[in-house]
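Here's the structure we're looking at; comments come further down.
Residue numbers (the working numbering), protein chains in the order written: chain S, 784 to 1073; chain L, 784 to 1073; chain H, 784 to 1073; chain X, 784 to 1073.
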């Protein structure tokens, strides 16, 4: 955490690529007294592609209110270039809900890192379909909601979860939540739900991927963090990583080593989302890492 | 290459696991004056599994001929424990044929590493379904056979290749050979054909995996080296590795970065095979790496 | 944790290399009904070097008591080959003390992993020269001893710590303990103290290595876990790892990223020590990893 | 290689940071019809630091000659912001000389990658203090100059090399050239000489680093590519990487594994230099990787 953080704003832009965008954006900000301190740009093609931009600027020298700045930017710049854009402020920590079942490794990492200030978030609630982890969560002073999900009550359960979450949180992290979300639930939180899949997608889609990997005799196992869409295990990938294994490792070893990878991959994906470093581009992501 | 290499023998054993095997093997070798200098063992289960062993011993102190040693080992040790075993000598370099189409990166690495003595092999021939790489190969003084393969002549072409290869080589490396081998061809060389697949199997099986990977937006690409069986892209995996990529990389970039991974993964797999470090265990491998 | 663990014994041997050792050890165990389930051997030279062995065997079929087995092994095998050896049992968890100052990342990982059963240890105490982390530790039900260390009281403080630790613990882990141990303290616990050094030794020995690394403009930072000897930062290395960084990372970023590496490197080193996978060989280690 | 490459220009800028630079540069280019297709920026501090920029633009739509563009940029933009800047064109391949002694691994990789078009360079000459590699080099049709260096002829030898190189090459790569360059030689080619050091600097500075690493018992070995300055082994680092090793590896193994790392690290550093991705910032580098 740097001192200047409370004055840092982030502007993210997606639009059809054409000459002049960088000039238009940077000149607008300069004229309003914004000091750009980080600027990362990507064009998907050299011609007729998409333009992606993430920049950070400092607000103290602004010659107008933030509201006025946003209003003007919309009218003078964004409209002309048909921009999909958002402006966020580092001081506004995102509200992050965590959904979990029984595995605690990913949950604990998120709780502990948030408590330490490594993740720029608040955690208004944890929701689980089991009671097992209540103690661990409440120890951090965080409300724990037990919402059992069965094949009979599925629609009701997810309706209950929507009512708990909607308007109360900015992002939902599935920290090994072992239930399949309903399309209705997903539709309430577009590009706001982050999952950790315990395999190196698209290999070993579905259940028990470590056993699948062990039976296949792979030499590396991995984990994938992605946004959740209706298409199970197919949402835009944010981050992946792998771990070397050998014939000496049992399926149980793979699961244990895999949990370490899951933990670190999910942490990075969540951190990048919280810092507004990820732009979804259809079925893929643009991730402006440091 | 160490001085003692000309006197190094390697014993590889697979058999049903039971108590006493290590004692029987090591005592037999000790009594015959063999000095064990490397010993690596694996049991697939703690009970009723399979036993795998690779050991190296030095031959100068042997009290009998190598023939006699093998004969006695078969009679006194291998039979009792129902061993599948082989005894090889580091001074007997394996004869390695290379099959290639038009990509030169994997071929060149194999040729160059063999010439330098990094790979313990001789290369009696390179076979290609194209003429493109003849100059590169003949520059090394290695015979180049052009065997075109079409849908019409497929059976004849592979029969011609069998007659070129059978009895002349110990291992066949597919260094980006883009034709699908016939089951008949494969059946002549069981666990003797090594392929490099340009993806991280089992993800992106089949054609053009880098384009598949790019379309999927993965954050890591990889390569897999495996033994060839009738089941395309499904043979026992020897080695895999990955390379980090981002949204900045085009499908062409992925292909280019991927070729570096292919090259190094294939090199390691071939090296391990040549040093008798790989035992095939059904659909998997046991790889005793240094 | 596997079912059979309560019956697993581990035998570690160091001795001058000569023919016949493997035969002698494995035959002795076989004759006593011990079933060898893992066997990993290393010779430091092909001739006249040192011999290192780690094996696991199962005890249920033993024809004598463990005491008798040890007595016989000493008399019949170890003496003849001048072995330095130890026999341990997986069911006897090692007692691990943790020394810490103010950084909590390495401490929390050790506490949490031990609580989950990932580390085969009990933690009888944590000692710190500060009060800061008392709450975190006592929450786990573990006694926390505050032993302030100043230049004036140094001898007394370490004498107090020896009296707290001696005979009560099997291993001492320095989880970012920022005081330099006295030679007298170190001499009480030979090869029983594990440190995590926040740099990739031998680069950046001494204080504030992340700042040193940042000033030098390195592209990778790392961490090193080693046994503590009198020679500061020079004890036998158990494990190291690195993390890629770039010009975008400040010295503070390097410190933050480095803490993740420290945490995972220390965890692996401690785990291997607890599982008797490490043999110290003078100024180096032999680590029989899975 | 992409189609558009022949029309790609690259602008690299270093200057004191202040608001308005991005606006000034991008607006200037926009007004002249340059289409920016890649833009990567870095500020060393959030306030009063240095500003670094690398951007690519396409030249077909320019409303003036390249000469006029450069002249105008100098007068209208660079002067005001006190910029240190350069403008290069992808179609102008850099002329790369290679200096080598007897090890061929790094040399061969550079020759082969340049021949394939993976490196955007021409190679007007190779210079060596030995005759050993003449055949390998001349096979590629590249002139090979043998300039022996002894303690007696050192000044003359380097004077001869300056006369061979000066004005004929844009970059000099030391591909395991085992002589220490004279300060006079270095002064002719500031930030134009790239070395590969066979260790993970700043560990194991000086001679025989692999033996040093083996004696220290490290668990990772590495290589470092850096610009050459008068301060031996201390120039700005461009790239580093490591390779895991264990007690099983001899000093000779470390050297062999290390050569693979050297080869790939040097390749990346040279590639980035040739693509104008590296800006030297005092004793460090800013590397705008893809």
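We put the CB at the ideal spot given by N, CA and C, even for glycine. This one's a predicted model, so the numbers in the text were calculated from it and none came from an experiment.
Under 7 Å, Cβ to Cβ, is there at least one residue of chain L near residue i?
i, result
"residue 810/H", "yes"
"residue 1069/S", "yes"
"residue 829/H", "yes"
"residue 1038/X", "no"
"residue 784/H", "Low confidence applies to residue 784/H: its pLDDT is 37, below 50, so where it sits in the model is not reliable, and the reading given next is rough at best. Closer than 7 Å: no."
"residue 838/S", "no"
Under a CB-based cut-off of 7 Å, is residue i close to chain X?
i, result
"residue 803/S", "yes"
"residue 951/L", "no"
"residue 845/H", "no"
"residue 1000/H", "yes"
"residue 1023/H", "yes"
"residue 990/H", "no"
"residue 1003/H", "yes"
7 Å is my cut-off, CB to CB: does residue i come that close to chain S?
i, result
"residue 872/X", "no"
"residue 799/L", "no"
"residue 1020/L", "yes"
"residue 986/L", "yes"
Could you check which residue in the options has the C-alpha nearest to that of residue i?
i, options, result
"residue 1052/H", "1044/H, 1021/H and 800/H", "1021/H"
"residue 991/X", "985/X, 981/X, 999/X and 1000/X", "981/X"
"residue 1045/S", "836/S, 979/S and 1069/S", "979/S"
"residue 1042/X", "824/X, 891/X and 863/X", "891/X"
"residue 968/H", "986/H, 937/H, 987/H and 994/H", "937/H"
"residue 839/H", "873/H, 1067/H and 966/H", "873/H"
"residue 788/H", "997/H, 875/H and 929/H", "875/H"
"residue 804/X", "822/X, 834/X, 795/X and 829/X", "834/X"
"residue 923/X", "927/L, 918/L and 925/L", "918/L"
"residue 844/H", "790/H, 862/H, 934/H and 867/H", "790/H"
"residue 963/H", "933/H, 953/H and 943/H", "933/H"
"residue 965/X", "1014/X, 995/X and 920/X", "1014/X"
Hey, would you say residue i sits closer than 7 Å to residue j, going by beta carbons?
i, j, result
"residue 869/S", "residue 905/S", "no"
"residue 1049/H", "residue 902/H", "no"
"residue 882/X", "residue 941/X", "no"
"residue 836/L", "residue 824/L", "yes"
"residue 792/X", "residue 842/X", "yes"
"residue 810/H", "residue 806/L", "yes"
"residue 993/L", "residue 1037/L", "yes"
"residue 1070/L", "residue 1061/L", "yes"
"residue 1040/X", "residue 1007/X", "no"
"residue 885/H", "residue 915/H", "yes"
"residue 1146/S", "residue 913/S", "No answer is possible for residue 1146/S: the residues shown for chain S start at 784 and end at 1073."
Quick one: does residue i have its CB under 7 Å from some CB of chain H?
i, result
"residue 826/L", "yes"
"residue 885/S", "no"
"residue 1031/S", "yes"
"residue 806/L", "yes"
"residue 876/S", "no"
"residue 1073/S", "yes"
May I ask you to list, following chain order, the residues of the segment 812–823 of chain X that have a beta carbon less than 9 Å from some beta carbon of chain S?
812, 813, 814, 816, 817, 818, 819, 820, 821, 822 and 823
Three or more C-beta pairs closer than 8 Å, one from the segment 797–809 of chain S and one from the segment 811–830 of chain X: is that the case here?
yes
Could you tell me whether the segment 1011–1028 of chain S touches the segment 1001–1015 of chain L, where touching means 3 or more Cβ pairs closer than 8 Å?
Counting Cβ pairs under 8 Å, three or more are found: they touch.
Short-range partners of chain L found in the segment 966–981 of chain S, where Cβ spacing is below 7 Å
none
What are the residues in the segment 882–909 of chain H lying within 9 Å of chain S by C-beta distance?
887, 888, 891, 895, 899 and 901
Output needed in chain order: residues of the segment 1041–1068 of chain L with a Cβ under 7 Å from some Cβ in chain S.
1066, 1067 and 1068
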